[in-house]
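S.K.: Got a structure here, written out as structure tokens. Questions coming.
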Amino acid sequence: MPVTGGPSDKYGNRYEKLWTVFQLIRLLQGSIESIRLEDPSPEGDGVEFWLVSNGEREYYQVKRQVTDKGKWSLPDLEKHRILSRFWPKLQGTACRCYFISTDSAFELEEISDRARNSSSYQEFRQYLLHTNDYESAFAKLVNWWGCTREEAFVALKHVIADTRGEMTLRQEVEALLAILFEGNSASVRAILEKFIDDHIQQQITSHLLLTYLAREHQIYPYILSASHPVVLSLKEATDRYFNRIQREMLQLPIDRAETTAVVDILRQDEGPRRILLTGSAGVGKSNVIAACIKQVQALDWAVLALNIDHLSEVATPQGVGREVYQKDRSPAHLLALVAQNLPCLLIIDQLDAVSLVSGRRTPFFDVIREILDQARYYPNMRVLLAARTFDVSNDHRLLSLQNERQDEILLTTTIEVGNLTHEDVKAILGRWNVSYQNFLPSQIEMLRIPLHLRLVEDIAKQGGLSEPTFATVNDLYEMFCQRKEQDINAKANQTICFWPTIDALTTFMSDHQCLTAPMSVVDEWSADARSLASAHVLVYAQRNPPIYAFFHEGFFDYAFARRFALSGQSIGTFLLAGEQHLFRRAQVRQILTHRRQVNFTRYLTDVRELLTHPNIRFHLRQIVIAFLGSLGDPRLDEWNVLSSLVTDQTADTQREILIMLGQSTSWFHLLDQLGVWSQWLAQSEMVDNTVNLLRGHLNHAANRIAEYSKHYRLR
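So, in structure tokens, the structure goes:
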């Protein structure tokens, strides 16, 4: 609560000025015609300012907070003579009275809202007024106004209580200023606050305000043309993103249903403001985004696309602006400026790069979060995000994005990008003159992921897949690297240092917990790195300093895990040698993924050690369990590792494992086949836990669980 006296007055004046600046912005936008500050005439009695909008007068009383209560009751409002001073103004037919505060005026807000939603006084009284016992509050209001109940009902329709936090208001003000004027929004806000001090008791028009800004501060409104540097910089940033996708990802000769779903939602006026694309690594989220860019640009939408993987870990949204388009301006503000209140789309790809699961750049999430908050202040801006399902499911911060609301409406809808269909794979192989019949069902399943098709694209086009021999995803990466190395050597007419270059970049990225590396890391193999970039194994970005990245994060995962496997080191030894910080979570997942495919026995030893070694930190045990839960084909040997921990009351992982078993469809089926559910239901000490776990599988296995219920008479 605010303290009484000077500081309280200071905070109140600051909040009042913010609201007044907000109205000056409305004046500049043309939604109001004039504003009068602290009018000394009876017209200004009891209000900070009044304005004219569409022929109606709006009167504003702004109070930051109630000193000691945290909310405004009707008696609190009348104690400050707010309601009684509203009454004379409400006699006009074209007026509105606003009460503004950071604390809710809950009774006034409720009864005025009910009045506006009632077609008659009888309806207001009969159906709404008696709900929650607001009768006494209404009676007090009638008494203070000295009018009939019907007259109070009509007047209430023109009373609005608005609760707005100071920080939220400041962010909204600066967001709106960012699309009106060039320069720092906070500085422009300060200038407008000074303008308010200098124009007390004056009638202010947009002409007066614009003249003051131009004459006294040389500040002018933006006038944007197609050739304006701001417009060009935004287009160049999005073109860089789009062209990289076109160069380095598989170009699918098919229309994906997810693209249609995204664009349909974006075009809905009342639809969700944000769309979160999720899916497994390599499933083609960026391809879907690229297709969406083409479609919305054809509708004349302004688009700005950001790839978090390729951004430096700057401290502010303005820092992102400096890096992407050399403007000291947040991406959300820049896009809104270019769009000029027309529909626009902000794209943030690779959101998983800042997840707690990756552990690579977790503090940078706060910057992305601020950009998303800024986007909320632009009604015509839509946001398209993309992240791996695994990261979203295991990071509470990403999960929270799905549950946010604005004006009681869910902000985000989630669309899962699925694998390609068998017909899609058949069509793509056909374009490469490769017979679909050459492949085993297990191989086709791997090729349903676009990244995996990308790995064999060059081989397929050169007739090298007539008798496919790959059995694992690692085999696909090996084939990809062998073919790229051969092609680069042939083009260079010499043997290049393929793996030394990749290993140097991998080591730097691992040590520095990032997905890019400065060009200087490969100075010893600079020509080789250029060749790898030319062959689209690496991505080169002109920054200060210039950087390299791998063409896909999945390739970095493979390169790191391959290098680790060649070292012969155990995961436990690797982790215990350092601080076991968050970045190790992604590396643990990479190593387990690789070893599960190439050395299953060693993989089982790693899993057992990670889950039982007393010096392995709990957050790393959690990522191992999350990894196991993500498996589509868990095996008996893996269950044998977990089974003893599930029944061990002293194991710190018991609860995490049980939660995973209650959520994973694939583990449900394995335990069903092994008879584990039946065994547990037959043990009195396990029944309650087992019943709770089975409840988590009702959506996909209701019939099977009904059989258990019937046989074991479950409650």
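Residue numbers (this note's numbering): 1033 to 1747. C-beta: ideal position from N, C-alpha, C; glycine also. These numbers were taken from a predicted model, which means no experiment stands behind them.
According to DSSP, is A1524 helix, strand or coil?
M.R.: The answer is helix: DSSP assigns A1524 an H, G or I state.
S.K.: Assuming contact is defined by CB atoms lying nearer than 9 Å, are D1684 and F1650 in contact in what I supplied?
M.R.: yes
S.K.: Following the continuous alpha helix (DSSP H) through G1032, name the residue where it begins and the one where it ends.
M.R.: A question about residue 1032 goes unanswered here, because the residues of the chain that appear run from 1033 up to 1747.
S.K.: Are the beta-carbon atoms belonging to I1648 and Q1612 less than 9 Å from one another?
M.R.: yes
S.K.: Does the distance from the C-beta atom of V1389 to that of I1223 stay below 9 Å?
M.R.: no
S.K.: Quick one, are the C-beta atoms of R1408 and C1376 less than 9 Å apart?
M.R.: no
S.K.: L1674 and L1660: beta carbons closer than 9 Å?
M.R.: yes
S.K.: In the DSSP assignment, what are the bridge partners of R1068?
M.R.: W1082 and Q1235
S.K.: Would you kindly check if the distance between the Cβ of F1138 and the Cβ of G1078 is under 9 Å?
M.R.: no
S.K.: Can the beta-carbon of C1129 be found closer than 9 Å to that of I1192?
M.R.: yes
S.K.: Can you tell me whether R1616 is buried or exposed, with buried defined as 16 or more other CB within 10 angstroms of its CB?
M.R.: buried
S.K.: With DSSP as the reference, label R1420 as helix, strand or coil.
M.R.: strand
S.K.: Just tell me which of W1333, R1486 and L1083 has its CA closest to the CA of R1279.
M.R.: R1486
S.K.: For my contact list, I1340 and A1385 are in at a C-beta cut-off of 8 Å; report their separation, rounded to the angstrom.
M.R.: By a beta-carbon distance limit of 8 Å, I1340 contacts A1385. Their separation comes to about 4 Å.
S.K.: Could you say which of K1226, T1625 and P1411 lies nearest to D1772 if we only look at CA atoms?
M.R.: Nothing about residue 1772 can be read from this structure; the chain reaches only from 1033 to 1747.
S.K.: For the putative contact between G1311 and V1449, defined by C-beta atoms under 8 Å, what is the C-beta separation to the nearest angstrom?
M.R.: 4 Å
S.K.: Where does H1688 sit, in a helix, a strand or coil, going by DSSP?
M.R.: In the sequence as presented, His is not what sits at residue 1688; that position holds Glu. Three-state DSSP puts E1688 in a helix.
S.K.: Please identify the residue among N1721, C1179 and M1281 whose C-alpha is closest to the C-alpha of D1490.
M.R.: M1281
S.K.: Quick check on the burial criterion: 16 or more other C-beta atoms within 10 angstroms. Buried or exposed for R1148?
M.R.: That one is exposed.
S.K.: Could you give the first and the last residue of the continuous beta strand (DSSP E) run that contains T1722?
M.R.: No beta strand (DSSP E) holds T1722; the alpha helix (DSSP H) holding it covers V1719 to R1727.
S.K.: Let's test the definition: count the other Cβ atoms within 10 Å of the Cβ of G1586 and tell me whether it reaches 16, buried, or not, exposed.
M.R.: buried
S.K.: Report the residue from Q1601, T1644, E1268 and L1614 whose alpha carbon sits nearest the alpha carbon of R1634.
M.R.: Q1601
S.K.: Let me check one thing: in DSSP terms, what residues is Y1580 bridge-paired to?
M.R.: A1549 and Y1572
S.K.: Tell me whether K1103 sits in a helix, a strand or coil according to DSSP, three-state version.
M.R.: strand
S.K.: With the cut-off set at 9 Å, would you say R1058 and I1132 are in Cβ contact?
M.R.: No. Outside cutoff.
S.K.: Who are the near neighbours of W1699 in its chain, counting only those whose CB is closer than 6 Å to its CB and skipping five residues on each side?
M.R.: P1666 and L1693
S.K.: In terms of residues, what are the limits of the alpha helix (DSSP H) holding L1677?
M.R.: L1668 to V1678
S.K.: Quick one: using the 10 Å Cβ neighbour count with 16 as the cut-off for buried, is E1670 buried or exposed?
M.R.: buried
S.K.: Tell me where the beta strand (DSSP E) around T1446 begins and ends.
M.R.: T1444 to E1448
S.K.: Using the Cβ count rule (16 or more neighbours within 10 Å means buried), how would you classify V1035?
M.R.: With a pLDDT of 37 at V1035, under the threshold of 50, the modelled position of this residue cannot be trusted, and the question is left open.
S.K.: Might you give, ordered along the chain, the residues of its own chain that have their beta carbon closer than 6 Å to the beta carbon of F1422, omitting 5 neighbours on each side?
M.R.: Counting only Cβ-Cβ distances below 6 Å, and skipping sequence neighbours, we find S1662.
S.K.: Is the region 1424–1442 close to the region 1316–1328, with three or more CB pairs under 8 Å?
M.R.: No, they do not touch.
S.K.: Rounded to whole angstroms, what is the Cα-Cα separation between H1729 and R1420?
M.R.: 23 Å
S.K.: Tell me, please, which residues DSSP counts as bridged to Q1514.
M.R.: Its beta-bridge partners do not exist; DSSP assigns none.
S.K.: With the cut-off set at 9 Å, would you say L1083 and E1065 are in Cβ contact?
M.R.: Contact flag set, yes.
S.K.: When you compare each of H1626, T1446, W1177 and Q1061 to L1106 by their alpha carbons, which one comes out closest?
M.R.: W1177
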